[in-house]
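Novice: According to the working numbering, the sequence shown is numbered sequentially starting from 84. All residues carry an ideal CB built from backbone N, CA and C; glycine is no exception.
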Amino acid sequence: MSKFGLMDPGDEPKRETTLTERLAAFSPVKPRSTPDLAAIDSAAAQHGFVSRELPDIQASEQPGRRRRAIPSEPTRHLAIRLSASAYNRFVAYADHHKVTYHEALIRLMDEADR
84 MSKFGLMDPG
94 DEPKRETTLT
104 ERLAAFSPVK
114 PRSTPDLAAI
124 DSAAAQHGFV
134 SRELPDIQAS
144 EQPGRRRRAI
154 PSEPTRHLAI
164 RLSASAYNRF
174 VAYADHHKVT
184 YHEALIRLMD
194 EADR
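Below you can see the structure in the form of C-alpha coordinates.
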(Lines of atoms letter the chains of each structure in order from A and count residues from 1; the text may use other names and numbers.)
(Lines give C-alpha, C1' and ligand atoms only; values in the text may rest on other atoms or scores of the structure.)
Protein backbone atom coordinates (compact mmCIF):
# COMPACT_ATOMS: atom_id res chain seq x y z
CA MET A 1 0.00 0.00 0.00
CA SER A 2 1.35 3.41 -0.85
CA LYS A 3 1.81 6.17 1.65
CA PHE A 4 -1.32 7.79 0.26
CA GLY A 5 -3.49 4.83 1.15
CA LEU A 6 -3.83 3.67 -2.42
CA MET A 7 -3.48 0.05 -3.44
CA ASP A 8 -0.37 -0.96 -5.34
CA PRO A 9 -0.92 -3.52 -8.10
CA GLY A 10 0.72 -6.37 -6.09
CA ASP A 11 -0.94 -5.69 -2.73
CA GLU A 12 -3.81 -7.80 -1.47
CA PRO A 13 -6.57 -6.00 0.35
CA LYS A 14 -6.49 -6.66 4.11
CA ARG A 15 -9.55 -8.41 5.40
CA GLU A 16 -11.32 -6.43 8.15
CA THR A 17 -11.68 -8.42 11.35
CA THR A 18 -14.93 -8.36 13.26
CA LEU A 19 -15.21 -7.25 16.84
CA THR A 20 -15.90 -10.83 17.90
CA GLU A 21 -12.68 -12.02 16.29
CA ARG A 22 -10.66 -9.22 17.90
CA LEU A 23 -12.12 -9.94 21.33
CA ALA A 24 -11.51 -13.67 20.94
CA ALA A 25 -7.79 -12.92 20.51
CA PHE A 26 -7.54 -11.85 24.18
CA SER A 27 -6.49 -14.57 26.58
CA PRO A 28 -8.77 -15.15 29.58
CA VAL A 29 -7.72 -13.73 32.95
CA LYS A 30 -6.41 -16.32 35.36
CA PRO A 31 -7.93 -16.07 38.85
CA ARG A 32 -5.56 -14.90 41.56
CA SER A 33 -5.00 -16.76 44.77
CA THR A 34 -6.28 -15.28 48.03
CA PRO A 35 -3.60 -13.06 49.60
CA ASP A 36 -2.27 -13.85 53.07
CA LEU A 37 -3.71 -10.93 55.03
CA ALA A 38 -1.63 -11.64 58.14
CA ALA A 39 1.60 -11.41 56.14
CA ILE A 40 0.42 -8.21 54.49
CA ASP A 41 -0.51 -6.65 57.84
CA SER A 42 2.83 -7.58 59.41
CA ALA A 43 4.77 -6.16 56.44
CA ALA A 44 2.72 -2.96 56.59
CA ALA A 45 3.25 -2.62 60.36
CA GLN A 46 7.02 -2.87 59.89
CA HIS A 47 6.84 0.20 57.65
CA GLY A 48 4.60 2.23 59.93
CA PHE A 49 1.27 1.71 58.17
CA VAL A 50 -1.83 1.18 60.28
CA SER A 51 -4.90 -0.79 59.35
CA ARG A 52 -7.87 1.14 57.99
CA GLU A 53 -10.29 -1.60 58.97
CA LEU A 54 -12.71 -0.84 61.75
CA PRO A 55 -11.87 -2.51 65.04
CA ASP A 56 -14.35 -4.95 66.50
CA ILE A 57 -16.77 -2.97 68.65
CA GLN A 58 -17.96 -4.59 71.82
CA ALA A 59 -21.68 -4.29 72.53
CA SER A 60 -20.98 -2.79 75.97
CA GLU A 61 -18.79 -0.01 74.55
CA GLN A 62 -21.36 1.34 72.12
CA PRO A 63 -24.41 2.96 73.69
CA GLY A 64 -27.72 1.66 72.42
CA ARG A 65 -29.51 3.66 69.80
CA ARG A 66 -32.62 5.31 71.11
CA ARG A 67 -35.76 5.11 69.07
CA ARG A 68 -37.33 8.34 68.01
CA ALA A 69 -40.45 9.07 70.00
CA ILE A 70 -43.66 9.61 68.12
CA PRO A 71 -45.04 12.97 69.26
CA SER A 72 -48.41 12.82 70.98
CA GLU A 73 -49.22 16.39 69.95
CA PRO A 74 -48.23 18.74 67.14
CA THR A 75 -44.70 20.09 67.38
CA ARG A 76 -43.19 23.50 66.71
CA HIS A 77 -39.59 24.48 66.03
CA LEU A 78 -37.64 26.52 68.59
CA ALA A 79 -34.23 27.97 67.79
CA ILE A 80 -32.50 30.06 70.43
CA ARG A 81 -29.04 31.53 70.82
CA LEU A 82 -27.22 30.94 74.08
CA SER A 83 -23.88 31.98 75.40
CA ALA A 84 -21.32 29.17 75.23
CA SER A 85 -21.38 28.72 79.01
CA ALA A 86 -25.21 28.49 79.14
CA TYR A 87 -25.22 26.05 76.23
CA ASN A 88 -22.57 23.88 77.89
CA ARG A 89 -24.57 23.86 81.14
CA PHE A 90 -27.72 22.82 79.27
CA VAL A 91 -25.93 20.03 77.40
CA ALA A 92 -24.29 18.84 80.63
CA TYR A 93 -27.73 18.77 82.30
CA ALA A 94 -29.21 16.70 79.46
CA ASP A 95 -26.21 14.34 79.44
CA HIS A 96 -26.25 13.94 83.22
CA HIS A 97 -29.93 12.98 83.22
CA LYS A 98 -29.56 11.01 79.95
CA VAL A 99 -32.45 12.77 78.26
CA THR A 100 -32.92 14.49 74.93
CA TYR A 101 -32.78 18.28 74.70
CA HIS A 102 -36.55 18.30 74.32
CA GLU A 103 -37.01 16.28 77.53
CA ALA A 104 -34.43 18.40 79.35
CA LEU A 105 -36.29 21.61 78.46
CA ILE A 106 -39.59 20.09 79.64
CA ARG A 107 -37.94 19.04 82.94
CA LEU A 108 -36.48 22.49 83.51
CA MET A 109 -39.82 24.17 82.81
CA ASP A 110 -41.61 21.72 85.15
CA GLU A 111 -39.07 22.48 87.90
CA ALA A 112 -39.60 26.22 87.35
CA ASP A 113 -43.39 25.79 87.77
CA ARG A 114 -43.01 24.26 91.23
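Would you mind giving the Cβ-Cβ distance between A187 and Y176, rounded to the nearest angstrom? I have them listed as a contact below 8 Å.
Specialist: Sure, about 6 Å apart at Cβ, within 8 Å.
Novice: What residue does the alpha helix (DSSP H) around I123 start on, and which one ends it?
Specialist: L120 to Q129 is the span of the alpha helix (DSSP H), which, as asked, contains I123.
Novice: Using C-beta distances below 8 Å, list every residue in its chain close to H179, excluding the 5 sequence neighbours before and after it, in chain order.
Specialist: None.
Novice: Which of the three DSSP states, helix, strand or coil, is assigned to I189?
Specialist: DSSP places I189 in helix when its eight states are reduced to three.
Novice: With H, G and I counted as helix, E and B as strand and the rest as coil, what does DSSP make of D91?
Specialist: DSSP places D91 in coil when its eight states are reduced to three.
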